[in-house]
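Numbering (this note's numbering), first residue to last: 225 to 778.
Remarks on the structure that follows.
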């Protein structure tokens, strides 16, 4: 164990006005960094069309989400690189490096030519820039959380670190606000053609402000004292993960950050994709409703951070995960009912069933744009996925032609493997029109009708999801900080945090939508966050300690 609990930890002088100023400055800079990182996620549908234009429509979106996840994949490596620097030379200097790396990478996305101009080089460069963003963010969070916690007095670490926890949501809110303003200013067509780049260009201004802010920061007093006493770690990575602290780091990942991450991304990102991609809500309206929910619920970060100082971090984080386990299915089904009731009614009255030989149904994910999904099963599923229509899979006889039934109607697909490209395209378009007519007859809407959307209820449901986010995320920084000693704190807390949020959380949209594409069930992707959150509840409850009364000066 990194430190022992104390019934009455040594008192630390309350924060001065100057300390509050630098903590505010640290938080504000982190907001801008999250803004940069989440622009991509907020624009995933458009970016899929711009940079993965050589793929079919289903693969475009899935691969755009995979590129989004690439930034999360490298966050643990950023945690190692910058965490080591932070524990060896100081917290302040890492801030300057990470913000410059993030800001420049974001700006370059905004000027990067599309697939139509550069071909395959465009998505390759895009992914490289996402990797650089991930590295930068991997070094950002641990430093910000550690910096604030080491300024905060005992008994208030949950409250003060909760301000850092609001920065991710505020950054997302800011990205949605800028996107909404640009989309309404330019109109849908111009925004999707080129205007989506403006929010990325705007990051240059934020970069300048952020660098100025970071220049005002003073070093953490605990780190300064430790450095003056010659107690800084010479090998933070070895001490953090190849000693008894390694066990704590592993438990922190599985029993805290993994569940926290899937609830975070389930409530704020997957819900946005679900509204637009699955339920057919206008993206502009979806952005507004999500932004309202964020505005209503963001205070929960402060509330639960403060409450964690009173009753403990562990209880609140695990309670949020447990509530998500039992409510995700009913909440997302309620979103369908209140956003697109026509779709819900059509599915109930005239369910779509695809009957095909399972051995002749491909998993339609083509990362290089070379695969041709021409089997009769693939023709049907590709058309349904393009229209966002849920369906049921039924096994047909071996070698049989795939069919799709919509209520009482039944359509035969066609085998396209022996057809040339032009003929296959023509027959696919003809089948698509026939399928559209059958779906329309059965009452399936092309998109959500704005007049039928129950906006107050949708806002309430989204606010509930965000409140769960605030429960799991508000106290997590204080919990992680208190698990590890000062000399290796930056490194030790950063890696489990970024594996949890970068891998378990960052891959959630891609994984969930891949599951949906494979099964045809629009809710099947929810099993991923539910299973991970349930795992965290069990492991966290059994193996992780409560830490709210620990003295972090040890």
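The beta carbon of each residue, even a glycine, is placed where N, CA and C say it ideally should be.
Quiz item: So who's on the other strand from residue 636, going by DSSP bridges?
Solution: 627
Self-check item: heavy atom of the ligand COA below 7 Å from residue 700 C-beta
Solution: Annotation note on the ligand COA: not contained in the displayed structure, which lists no ligands.
Practice problem: Note down, in chain order, each residue of its chain lying with its Cβ closer than 8 Å to the Cβ of residue 669, except the 5 sequence neighbours on either side. | Solution: 504, 564, 566, 567, 570
Self-check item: Which listed residue (376, 259, 636, 333) has its alpha carbon closest to that of residue 658
Solution: 636
Practice problem: Would you please state the rounded distance, in angstroms, between the beta carbons of residue 491 and residue 386? I believe it to be under 8 Å. | Solution: With 8 Å as the limit, residue 491 and residue 386 do not qualify as a contact, their Cβ atoms being about 17 Å apart.
Quiz prompt | Below-8 Å beta-carbon distance, residue 503 vs any chain D residue | solution = No chain D appears in this structure, which consists of one protein chain only.
Quiz item: How long is the line joining the alpha carbons of residue 769 and residue 464, rounded to whole angstroms?
Solution: 18 Å
Exercise. Count the other CB atoms, across all protein chains shown, that sit within 10 Å of the CB of residue 711; report buried if there are 16 or more and exposed otherwise.
Key: buried
Practice problem: Give every residue of the same chain whose Cβ lies closer than 7 Å to the Cβ of residue 379, excluding the five residues on either side of it in the sequence, and list them in chain order. | Solution: 533
Quiz item: In chain order, which continuous runs of the alpha helix (DSSP H) of length 4 or greater are located wholly inside the segment 668 to 709?
Solution: 679 to 697, 700 to 707
Quiz item: Can we say the segment 500 to 516 touches the segment 678 to 685, given the rule of at least three CB pairs closer than 8 Å?
Solution: yes
Quiz item: Is residue 786 helix, strand or coil when you go by DSSP?
Solution: This structure leaves residue 786 out entirely; the chain is present only between 225 and 778.
Quiz prompt | Spatially closest choice to residue 545 from 489, 507, 510, 495, by CA coordinates | solution = 489
Quiz item: How many whole angstroms separate the CB atoms of residue 366 and residue 307, which I take to be in contact at a CB cut-off of 8 Å?
Solution: 6 Å
Practice problem: For residue 703, count neighbouring C-beta atoms within 10 Å of its own C-beta (all shown protein chains included) and say buried if the count is 16 or more, exposed if not. | Solution: buried
Quiz prompt | C-beta atoms of residue 613 and residue 663 nearer than 8 Å | solution = yes
Quiz item: Exposed or buried, what is residue 432 when buried is set at 16 or more other beta-carbons lying within 10 Å of its beta-carbon?
Solution: exposed
Quiz prompt | Contact between the segment 726 to 734 and the segment 325 to 332 (3+ Cβ pairs under 8 Å) | solution = no
Exercise. Decide if the segment 387 to 403 is in contact with the segment 262 to 269; the criterion is three or more beta carbon pairs, one per stretch, under 8 Å apart.
Key: yes
Quiz item: Who are residue 616's beta bridge partners in DSSP?
Solution: 577
Self-check item: Host alpha helix (DSSP H) of residue 553 (start-end)
Solution: 537 to 563
Practice problem: Could you check how far apart the C-beta atoms of residue 720 and residue 481 are, in whole angstroms? I think they sit under 8 Å. | Solution: 5 Å
Exercise. Would you mind listing the alpha helix (DSSP H) stretches within the segment 282 to 355 that are 4+ residues and don't spill past its ends, in chain order?
Key: 299 to 313, 315 to 335, 339 to 342
Self-check item: Best match in 738, 698, 562 for proximity to residue 384 [C-alpha to C-alpha]
Solution: 698
Quiz item: Would a C-beta distance cut-off of 8 Å place residue 630 and residue 666 closer than the cut-off?
Solution: yes
Practice problem: Report buried or exposed for residue 619, applying the criterion of at least 16 other Cβ atoms within 10 angstroms of its Cβ. | Solution: exposed
Self-check item: Separation of residue 494 from residue 602, as counted between CA atoms
Solution: 26 Å
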